[in-house]
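To convert a position in the sequence shown, counted from 1, into the numbering used here, add 4.
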Amino acid sequence: MWTCLLLIAGLLPGQSPGEADDELRLQVRRLVRQLDDNQLATREAAERGLIELGPNTLELLPSPRRDMSAEVRVRLERIRKTLQEQAATAAAEPSRVTLQGELALSAALAAVQRQTGNRIVDFRQRFGQQPNEPKLQLNLDQMPFWTAFDAILDQAGLTVYNFSGEVKALAVVARDRAELDRAGRAAYSGLFRFECLRAQAVRDLRNPTNHALRLALEVTWEPRVAPILLQIPLGELHATDEAGRPLQIGSKRANLEVPVENAIPAAEVQVTWALPDRSVTRIASLTGQLSALVPGQIEAFEFGNLGAAQSVQQSRAGVTVVLEQVRRNVDVYEVRLRVRFDQAQNALESHRNWIYNNEAYFLGPDGKRFEHVGQQPFRQAENEVGVAYLSDREGGLADCTFVYKTPAVLIQMPVAFQLKDIPLP
Numbered sequence: 005m006w007t008c009l010l011l012i013a014g015l016l017p018g019q020s021p022g023e024a025d026d027e028l029r030l031q032v033r034r035l036v037r038q039l040d041d042n043q044l045a046t047r048e049a050a051e052r053g054l055i056e057l058g059p060n061t062l063e064l065l066p067s068p069r070r071d072m073s074a075e076v077r078v079r080l081e082r083i084r085k086t087l088q089e090q091a092a093t094a095a096a097e098p099s100r101v102t103l104q105g106e107l108a109l110s111a112a113l114a115a116v117q118r119q120t121g122n123r124i125v126d127f128r129q130r131f132g133q134q135p136n137e138p139k140l141q142l143n144l145d146q147m148p149f150w151t152a153f154d155a156i157l158d159q160a161g162l163t164v165y166n167f168s169g170e171v172k173a174l175a176v177v178a179r180d181r182a183e184l185d186r187a188g189r190a191a192y193s194g195l196f197r198f199e200c201l202r203a204q205a206v207r208d209l210r211n212p213t214n215h216a217l218r219l220a221l222e223v224t225w226e227p228r229v230a231p232i233l234l235q236i237p238l239g240e241l242h243a244t245d246e247a248g249r250p251l252q253i254g255s256k257r258a259n260l261e262v263p264v265e266n267a268i269p270a271a272e273v274q275v276t277w278a279l280p281d282r283s284v285t286r287i288a289s290l291t292g293q294l295s296a297l298v299p300g301q302i303e304a305f306e307f308g309n310l311g312a313a314q315s316v317q318q319s320r321a322g323v324t325v326v327l328e329q330v331r332r333n334v335d336v337y338e339v340r341l342r343v344r345f346d347q348a349q350n351a352l353e354s355h356r357n358w359i360y361n362n363e364a365y366f367l368g369p370d371g372k373r374f375e376h377v378g379q380q381p382f383r384q385a386e387n388e389v390g391v392a393y394l395s396d397r398e399g400g401l402a403d404c405t406f407v408y409k410t411p412a413v414l415i416q417m418p419v420a421f422q423l424k425d426i427p428l429p
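What follows is the structure, given as structure tokens:
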């Protein structure tokens, strides 16, 4: 959404993309200078103007510097945080697909990847399947990603394989001949696809009070946006049978956590209900709300002159990164880093490993990149983690630069969903 608005607003008839970029850069510089104007009204207007330019200006905003006034630094941080939140909200909108006419499968998948930013990998040969190229008849006009993707897979006789190990990607394979179409079994909401995979009636022959109905729900998301934390508040989960009678939830927990893994764009969660009467043949409606914590735009933090670096702090939007020190430990050098979020929202709990997948590397004096050889956590708190990055570079790190990348804000979003006509055993 934001991308479209910015392209329309920023690119005038007859104006090349380069000219538009130059004009935007000049506009940002002018407004940043006005943040230090003598008149309060001018400073306020400049802040509003930078925010109105939208998230595309994030890369053009200067980082707060010591030679700036305190007010300019505060305003820049406030602007960056607002634009980060806008970018995250825009990224959480479903991507759209437009494809018309006859297309070969590979061409259709390539077009979907290009239009949406969702990487798609054909895994059929790895399963010993023939990589057939069926011709597809498509009439997709600004269709949400999951609706369009399921329509393509159904025509091609394919399905998604969730355990490919590919990061931020969807792998497709040929589906079993008895498998039903994907489109008729799913519900879509924003970035997410919801499907009930299994319904199991459990009868405890010793203690009838333990009878239960277990539903296995699969939650899948567009891989371009990797959520950090997914929860389903059980108080928001409601089901009714074909006569409109409510089913009773069988768990007393407040939230049902959906496990998120780095290389798996889906998760399965089991919901337990009181076992309904045998006369109930289906769940007519299952509604709920998923609480998703998603990362904002990635920010890069660079720390130079590592030989003298100590307690160097940099802040962007809602995150602060502190390079405590660089020290030698036997045969390796440790770069000790602390990362603190203003609002971590449970994202840093000890069993969540996403923070350790953040990109981090070194630049030598010649500007060439080289990788760290490992990492060691040394601190875990509600809003902060500490990680030591290791290097065995011969000659040490004195003239090198350390680069660390992390989302600057974490956005909490509610995602309502409804599944219909779930047959019961």
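No residue lacks a Cβ here, since even glycine has one placed at the ideal position from N, Cα and C.
Contact between GLN134 and ILE124 is absent: CB atoms are separated by about 18 angstroms, not below the 8 angstroms threshold. The beta carbon of GLN252 sits closer than 6 angstroms to the beta carbons of ALA278 from its chain, once the five residues preceding and following it are set aside; these are given in chain order. If one requires a minimum length of 3 residues, the beta strand (DSSP E) runs lying completely within the segment 85–173 are 100–108, 123–126, 139–148, 162–165, in chain order.
When DSSP states are grouped into helix, strand and coil, VAL76 belongs to the helix group. In the structure shown, ILE302 adopts extended strand secondary structure according to DSSP, grouped into three states.
Scanning ILE287, LEU341, ARG202 for the CA closest to the CA of LEU241 turns up ILE287. Taking all protein chains in view, the Cβ of ASP154 is crowded by 16 or more other Cβ atoms within 10 Å, so the residue is classified as buried. In the structure shown, ALA49 adopts helical secondary structure according to DSSP, grouped into three states. Distances from the CA of ARG197 to each of LEU428, GLN422, PRO427 were compared; the closest alpha carbon is that of GLN422. For ALA278, the enclosing beta strand (DSSP E) has its first and last residue at 270–278.
The segment 199–214 and the segment 161–170 do not touch, with fewer than three beta-carbon pairs separated by less than 8 angstroms.
Going by beta carbons, LEU394 and VAL377 fall inside the 8 angstroms limit. The Cβ atoms of VAL32 and LEU64 lie closer than 8 angstroms to each other. Going by DSSP, VAL330 is part of the beta strand (DSSP E) stretching over 323–333.
The C-beta of PRO59 has 16 or more other C-beta atoms within 10 Å across all chains shown, which makes the residue buried. When the five nearest sequence neighbours on each side are left out, the beta carbons in the same chain lying within less than 6 angstroms of the beta carbon of VAL339 are those of VAL330, TYR393, PHE406, in order along the chain.
Nearest C-alpha to PHE307 among GLY322, LEU367, GLN349: LEU367.
Counting of Cβ neighbours within 10 angstroms places VAL334 among the exposed residues, the total staying below 16.
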